[in-house]
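Visitor: One structure coming up, written as C-alpha cells, with questions to follow.
There are 4 protein chains.
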Amino acid sequence: MLILMGLNAPRKDVEKVKEKIVSKQCTPHEIPGSLKLAIGITGPSGNLTIEEFLGMDSVDEVIRISKPYKLVGREMKPEDTVIDFGNASIGGDELTIIAGPCSVESKDQIFEIAGALNELGIKFLRAGAYKPRSSPYSFQGLKEKGVEYLAEVKKEFGMKIVTEAKDTQTLPLIAEVADIVQIGARNMQNFSLLEEVGKIKNPILLKRGLAAKMEDLLMSAEYILSQGNYNVILCERGIRTFETHTRNTLDLNIVPVIKKHSHLPIIVDPSHGVGIWDKVTPMAMAAVACGAHGLMIEVHSHPEKALSDGYQSLTIKNFKSLLENIEKIASVVNKRMNYAELHVDK
Amino acid sequence: MLILMGLNAPRKDVEKVKEKIVSKQCTPHEIPGSLKLAIGITGPSGNLTIEEFLGMDSVDEVIRISKPYKLVGREMKPEDTVIDFGNASIGGDELTIIAGPCSVESKDQIFEIAGALNELGIKFLRAGAYKPRSSPYSFQGLKEKGVEYLAEVKKEFGMKIVTEAKDTQTLPLIAEVADIVQIGARNMQNFSLLEEVGKIKNPILLKRGLAAKMEDLLMSAEYILSQGNYNVILCERGIRTFETHTRNTLDLNIVPVIKKHSHLPIIVDPSHGVGIWDKVTPMAMAAVACGAHGLMIEVHSHPEKALSDGYQSLTIKNFKSLLENIEKIASVVNKRMNYAELHVDK
Amino acid sequence: MLILMGLNAPRKDVEKVKEKIVSKQCTPHEIPGSLKLAIGITGPSGNLTIEEFLGMDSVDEVIRISKPYKLVGREMKPEDTVIDFGNASIGGDELTIIAGPCSVESKDQIFEIAGALNELGIKFLRAGAYKPRSSPYSFQGLKEKGVEYLAEVKKEFGMKIVTEAKDTQTLPLIAEVADIVQIGARNMQNFSLLEEVGKIKNPILLKRGLAAKMEDLLMSAEYILSQGNYNVILCERGIRTFETHTRNTLDLNIVPVIKKHSHLPIIVDPSHGVGIWDKVTPMAMAAVACGAHGLMIEVHSHPEKALSDGYQSLTIKNFKSLLENIEKIASVVNKRMNYAELHVDK
Amino acid sequence: MLILMGLNAPRKDVEKVKEKIVSKQCTPHEIPGSLKLAIGITGPSGNLTIEEFLGMDSVDEVIRISKPYKLVGREMKPEDTVIDFGNASIGGDELTIIAGPCSVESKDQIFEIAGALNELGIKFLRAGAYKPRSSPYSFQGLKEKGVEYLAEVKKEFGMKIVTEAKDTQTLPLIAEVADIVQIGARNMQNFSLLEEVGKIKNPILLKRGLAAKMEDLLMSAEYILSQGNYNVILCERGIRTFETHTRNTLDLNIVPVIKKHSHLPIIVDPSHGVGIWDKVTPMAMAAVACGAHGLMIEVHSHPEKALSDGYQSLTIKNFKSLLENIEKIASVVNKRMNYAELHVDK
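In C-alpha cells, the structure reads:
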C-alpha cells in the first residue's frame, strides 16, 4: 500500500500517518518524489484499509499495489533512482563504467591496473578480495590482504571501490573499504546476506542469478530495500540456457523490462555474460544501446597471467578501444561518460 | 576439404580439379574470393588425399576443414558474403531494414502499409501469405490470394518482397514473387525444405529455431549451400529459456559469434524476439550496436486490428522513431542506412 | 464446442446435428464413448450458440471448451484412446514395447535385429529408412531401399513397423509399409506434414520437439486430429536444457501431465532422451513407473558398428535384461507386457 | 591424487604418508574401503610426484585424479557411502523416506503430522524452522520457536529431524536439533555456508540448485567433504527450464548419472520438483525406479491451510497410498522400506 501526501504536508501530518502504520504492525518507508511525498507500507497490509488513511490530514491518495514487489516498483516511485557519489552518480544521465580485474592478486597488480584505469578517467574500480569459486581448490582471493590493498589503492587514486561481500562474516570488513558492495550471482537468493546488506549504508550492486527470472531479481532487491537501504544497483551478467557458444547467455532484454517495472538503475556485465574477451566489446555496445545505466568490465594488465577469469578480461589497450566505441553509442542514447577527464587516445 | 587456386588459374586447370573431385563421388563448390579461387569439397572426403591435389596444375594449397560445417565457415571463405539486390545489398556496409506486417490480411492493408514504408525509403517488405501457426484453428494466411497481393504491391512500389515458404508444395509459388524466401524458426530443421530451397536461385532468410545452438543454425544453412544456393541470410529471433518477461529471449550474443565463424550475413528480428512492441526499439538498437547486418521489424498501420502478432507490431509512427534511433547507431558502427531517399521526419 | 448425445440417439438426429454444424462453416467430429456420443466441433465456433443445439432432438448437453486444444483434450473425450492393432493395442493396459535400430542399414542388419527381437516376443519394430540428420553430410538412411527391406521384414516376421516420414513427398511410400508413421522431434511443428498425416489412416507417433511445451505438443497433435486421424501416440524423447550430463533432458514429468489433459496415449523414448546406453534402462524403468503407456528403445546387434546413434543403442543382451526389469515394474502399475509369448531368458 | 595402501598397513606407515602430504601444504583424507585404505589428497597437488609416494612403505598404488571433483568421486572411493543412523541408514539397500510439512507452523501442527507419520513407521521428519522465501513479506518460519518444537517432537517420537540451515548464524542452533542439516537449492553455491557445514558432524542434505549442472552439484558437495564432513546426501528437486507445465522440471536423469560418478547417496524431492500434489506420486515412483536412494515428500494434515507450499503437499491419506505404491517399486529395485514396523493400511 502507498500513501501519497503533498510535498508541503506539515511534518506532524506525516508523523501521524507513520504512527498509524506502525500501530498496525506494518513498516512505513518515506520516499520523497518531485511532486508528492510517498509513504510506502510493507508488512501485513491486510490489516489496513484505504479508508482509514484517506480521512487523515494532508493525505491525497491511497493506492493498493498489486505486484509482489513494492519498494522497488515504479508504482511506488515513478522517478528513476539516482545514486550520488560526489563526483559521479549512477542511474541518471551519466553512463557508469566500472572496470578492473576479477581479483586482487597482488599489490603490484592492483596498483598497475588501477593506475592505468585512473589515467583513463575511470572512477569505479572493481576487484574481488573474497572470491566465491565453484571449486574449493581454486584461488579464493587474497582475503584480508586484498581488502588492505584496495584501501591503499583507494587512498592513492581516489577511485570508488566495487568489491564483493561473499558472506555476512566478512561484510563489515568489506563495507569499510567498499563504495559499492557487490552481491554475486550465486548469492542473489542468499536472503540472510541480503538482509544484512539492507542494514548498511553502502550502495549495493546486486547481480542476477543464473536462473533468476526478472521478478526473482526484483524480489531480492526488495529484501534489501525492505531493511532500509534504498541504494541498489541491479546487474545483468548472463543466464544459463542450452546455448554453449558463449559461457552464459547475456540477456539484454531484461534492461528495458527492468526500466519499465523498477526505478532502480540497471547495469550490464558483459565480461561474465559472454565469457570470451573478443565478444565483450560488441555486447557492451549493445548494452548501452538498449538503455543500460552502465557497464562493469573486466580489465587486466596481463590477462594471460590472471589467477581467475583471464580469458574474459580485456587488456588495457582493448579496453581503451572499447571506451571509444561506447562513448559514441552513449551520445546516441543521451548519456554522457562519467570521465573526470578523458584521456582516451584516439 | 578446400582447394585454393590462383585467381588467374586457367579454366582447364580448374575443370581438371573439379573432375577429379567428382570422380571420387564428391561435389566441388567453386567459391571465388578477392585473392584466391577456392574450391570447396563436400561428400565422402575420406576418399581424398591432400597429396593427390597438391600435385595438380595451378593448385596452391589444400586444407582439411575440421568443423562440421564446411561451406558456411570462414575457413572456406574468409570474406563476408554480400548479396546484391541491384539498388540494395545485404551483408556489406549497408544496414538492411526489412519491415512490414506479420501477414498479408487484405489488399487494402498491404497496400496501405507498403505505401507508408515505401515513402520512408524502406526497400524490403516482409509479409506472410502462408502462415505456420501453433493452432490449426488460427488464421493461416490468405495463401494464393496473399501471394497475388504481394505481386501487385511489388509491381506498384518496386519493393523487394520477403515472404515465408512453409512447405515444398507452395515453394514454387512463393519463389515466383519472393526476392527473399523466408524459412521460419519451426522449419529450421525441416531438412527436405532446406534441400529444396537450396536448389532455387532466390536468396534465403533462415530463422534460428527456438532450441537451436549456433552450430545447429550453421548446419541448417550448410544444407542450403550444399545444394548450390550460396545466398543465405541468417536471422536471430529469440530462443526459448526459463525467462518469461519477454515472449522469447532474444540472444544477441550470437551476432558476434556467427560473424566470427561464418561469412554469411546475420540479421535480427526483435519483434518476435521480445514479443512486445515497446521493447522492440531498444533491442533493435542493441542489435545494430553489436554488429547485425540488418533488422526485420513488424510494422502495421493498425496493430490493434492485426490478425496475428499485433501486440508486437510497431505503428508507422513508432517505426519512424525507431528508424531515427537506428540511423544514429548505424553511423557509429560504420553502417549506412539503405534508404532510396530518406523521408524520416525529424 | 462439444455436443453430447445419447448413445442410442437415432442416426437421423445425429445427422441433423452434423448438418447444422456444417451449415455454419464448422466441422463435426464424431467421438463415440461408452456412455455418450460426443460430437466435437472445430472451426469458427463463434458462429454457434449453445441454445440452437440444445433444442435439437437427442441432444443432452452442449459444452464450450476453454482450452486452445479441443479434440485432443479430456474435456472432449474423457476416456483414454486405445489404438487397436489386432494382436496388440496401445493406450490401454498393455505396456507397448517398440524396439529396433536407429536406421535400416542393410538387409542383413535389419533381419538379424528383427529376428532377435521377434524371438523375444516384441511386436513393434522401429527402424528409419529416411533419416533427418543435422548435417547434410551424415548418413541419411537407405531411403527406398530401406522401405523395401522393412516390407520384407514385416512379411517374414509379421512385426508391426514403426518408421519415420520426414516429408510429404515420401509419406505415401512410408504409409504403405508403416503400421505407425513416426513424426520426428524436429518436424513436430512442420504443420504441412502434420496436416498430411492427418489425412491418412495409419496411426501416428508424434515426438515432442526439443523446445516444445506441453501445450505445443498437444496443439501439434490437434493438427492431426483436426484432419480426421484420431489415432495419435505422443512420445517424450528429451528436451533441451542447460544440463549436459545427458544428451537431452528426458522430461518424465510430462507423462502424468499429459495423461491429465489428454486422452491420447503417451510413450517414452529414453534412448534419445539420455543418449548414452547405460542410462537407458533406469530411465525406461522410471518411465513405466510414472505411467507411460509404452517405451521406444534403440536396440542394435552391433552398436559399435551402427551408422547412426550407436552409443545410445542397447545390445540384444542388454535389451533382454531391460525387459526383465520393465516387466516387474509393469506389474506394479497394472500394465501387462504385450509379448506374443515371452522368451526372455532368466 | 590418491594413495592406496593395504588394509593392514601398520599405523606408522599411514602416518608417515600423511606427514609427507602435510609437509607439502596439502591435506590428507583417510577413506577406509573394504579392500584398501585410500588416502585422498586435496590442495596444491602440483607439488607432489607419484614417485615420492610409490617408494614409501605399505603404499600399493598412487593415482592421479583427472576430474575437478576429488573426494566425492568414484575414483577416490569406489564403494557407495552408507550413512548410519542407528535404526536406519541412507545410501545402502534401505529406501529412505523423509516426510513432513514444508514448515513448522505451530506446536499442534507439527505434533499432529509427526504423530501420524510416526504411526506409519516413518523415521525421518522434515520441517523447516527457518524458511528462505523469495519475498521478504512471506512467512519466514517460526525460527527459534520452530527449532524448540522440533526438539520436543524428536523427544516425543524419537524421529530423526531433517531441517534447513539457511545461514551460518543459525547453523549452531539448527545443528543441535537436526539429525540431518539441509542446505536449500538457493544456497547450493553459498560457499561460506558449505564450508561451515563441512566442519560439523551432522550429515548434510545438499539440494541441487535450479541452474546447477551435475558437476556444480558435485563441486558443492566437494566443498563440504574437503572440510572433513564426508556424510553428504545429494538431493534432486527440479531444475529451471522453459517448460511451465510443472513448477520445476524434475530431472531424474541425474540419478543414474550421479550414481556413476559419485559414491554419495542421492535422493529425490518430487514435491518441489513438480509443485503440484497430484503429480507427486507418479514422479516418486519413477524416482525409485531409476535408482534413487530415497524420497523427500511434503506431507501436511491440512494442506489447504499450510502457510507455505500447501498445493504441493500430500494429505496423510494420499501419502499412505504413495507408500503402498513405493513399496512395490522398491522391491523391484532390491531396496527395502526402512519402516520400524509397517502400519500402512491395505
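Protein chains in written order, with the working numbering: chain A, 1 to 346; chain B, 1 to 346; chain C, 1 to 346; chain D, 1 to 346.
Glycine included, C-beta positions come from ideal geometry on N, C-alpha and C.
In this text, all values refer to a predicted model and were calculated from it rather than measured experimentally.
#1: Taking only runs of the alpha helix (DSSP H) that begin and end inside the segment 112-187 of chain C, which ones reach a length of at least 4 residues, in chain order?
#2: Which word fits Leu252 of chain C, buried or exposed, when buried means at least 16 other C-beta atoms lie within 10 angstroms of its C-beta?
#3: Output yes if chain D places a C-beta closer than 7 angstroms to the C-beta of Ala306 of chain A; else output no.
#4: Is the Cβ of Arg247 of chain B closer than 7 angstroms to any Cβ of chain D?
#5: With a threshold of 8 angstroms on Cβ separation, who are the neighbours of Asp60 of chain D within its own chain once the five nearest residues in sequence on each side are excluded?
#6: Which bits of chain D does Arg126 of chain B rub up against, with CB to CB less than 9 angstroms?
#7: Mapping DSSP to helix, strand and coil, what is Met214 of chain B?
#8: Compare the C-alpha of Lys305 of chain A against each of A:Lys155, A:Pro282, A:Cys102 and name the closest.
#9: Roughly how far, in whole angstroms, is the beta-carbon of Met219 of chain B from the beta-carbon of Cys290 of chain A, given that I think they are within contact range, below 8 angstroms?
#10: Name the chain B residues whose beta carbon is nearer than 7 angstroms to that of Arg186 of chain D?
#11: For Arg336 of chain A, which residues does DSSP report across the bridge?
#12: Hey, could you find the ends of the alpha helix (DSSP H) Pro282 of chain A is sitting in?
#13: Would you mind giving the Cβ-Cβ distance between Val268 of chain C and Leu225 of chain C, rounded to the nearest angstrom? I have them listed as a contact below 8 angstroms.
#14: Met219 of chain C bridges to which residues according to DSSP?
#15: In terms of residue numbering, what span does the beta strand (DSSP E) encompassing Gly273 of chain B cover?
#16: If distances are taken between C-alpha atoms only, which option among C:Arg186, C:Glu176, C:Pro136 comes closest to Pro203 of chain C?
#17: In terms of DSSP beta bridges, what is Met5 of chain D paired with?
#18: Determine the extent of the beta strand (DSSP E) in which Leu234 of chain A is found, giving its start and end residues.
#19: DSSP beta-bridge partners for Leu206 of chain D?
#20: Looking only at its chain, what residues have a beta carbon closer than 8 angstroms to the beta carbon of Phe139 of chain D, apart from the 5 residues adjacent to it on each side?
#21: Measure the beta-carbon distance from Gly121 of chain A to Phe157 of chain A and round it to whole angstroms, keeping in mind my assumption that it falls under 8 angstroms.
#22: Helix, strand or coil, according to DSSP, for His29 of chain B in the structure here?
#23: Could you tell me the alpha carbon to alpha carbon distance between Thr281 of chain B and Gly238 of chain A, rounded to whole angstroms?
#24: Can you list, in chain order, the residues of its chain whose CB lies under 6 angstroms from that of Val232 of chain A, leaving out five sequence neighbours each side?
#25: Closer than 7 angstroms by beta-carbon distance: list the chain A residues that pair up with Arg362 of chain C, in chain order.
#26: Does any CB atom of chain D fall closer than 7 angstroms to the CB of Glu222 of chain A?
#27: Grab me the residues of Ala292 of chain B's own chain with a C-beta within less than 7 angstroms of its C-beta, minus the 5 sequence neighbours each way, in chain order.
#28: May I ask you to list, following chain order, the residues of the segment 224-240 of chain B that have a beta carbon less than 8 angstroms from some beta carbon of chain D?
#29: Would you check if there are 3 or more beta carbon pairs closer than 8 angstroms linking the segment 323-332 of chain D to the segment 149-164 of chain D?
#30: Where do the N-terminal and C-terminal ends of the beta strand (DSSP E) with Leu295 of chain D fall, by residue?
#31: To the nearest angstrom, how far is it from the Cα of Pro10 of chain C to the Cα of Ser58 of chain C?
#32: At a CB distance below 8 angstroms, what residues from the segment 265-292 of chain B approach chain A? Give them in sequence order.
#33: Could you spell out where the alpha helix (DSSP H) holding Leu193 of chain B opens and where it closes?
#34: Within its chain, find whatever has a CB closer than 8 angstroms to the CB of Gln25 of chain A; leave out the 5 residues flanking it on each side and keep chain order.
#35: Report the option in A:Lys18, A:Pro270, A:Val22 whose CA atom is closest to the CA atom of Ile31 of chain A.
#36: Just tell me which of A:Thr249, A:Gly275, A:Gly100, A:Glu196 has its CA closest to the CA of Lys320 of chain A.
Guide: Taking the definition as stated:
#1: 144-157, 171-177
#2: buried
#3: no
#4: no
#5: Leu4, Met5, Gly6, Lys36
#6: Going along chain D, no residue has its Cβ under 9 angstroms from Arg126 of chain B, so there is no contact; the nearest lies around 26 angstroms.
#7: helix
#8: A:Cys102
#9: Incorrect: roughly 30 angstroms between the Cβ atoms, too far for contact.
#10: Residues of chain B passing the Cβ test: none, with the nearest at roughly 15 angstroms.
#11: A:Glu94
#12: 280-289
#13: About 21 angstroms; that fails the 8 angstroms criterion.
#14: None; Met219 of chain C has no bridge partner.
#15: Gly273 of chain B -> not in any beta strand (DSSP E); alpha helix (DSSP H) instead, spanning 270-274.
#16: C:Glu176
#17: D:Leu37, D:Val59
#18: 232-236
#19: D:Ile183, D:Leu234
#20: Ser103, Lys131, Arg133, Leu307, Ser308
#21: That pair is no contact at about 11 angstroms.
#22: strand
#23: 21 angstroms
#24: Ile204, Leu206, Ala221, Ile224, Leu264
#25: Nothing can be reported for residue 362 of chain C: it is not among the residues displayed for chain C, which extend from 1 to 346.
#26: yes
#27: Val255, Ile266, Ile267, Val268
#28: Arg240
#29: no
#30: 294-298
#31: 8 angstroms
#32: Gly273, Val274, Asp278, Lys279, Pro282, Met283, Met285, Ala286, Ala287, Val288, Ala289, Cys290, Gly291
#33: 191-197
#34: Gly43, Pro44, Asn47
#35: A:Lys18
#36: A:Gly100
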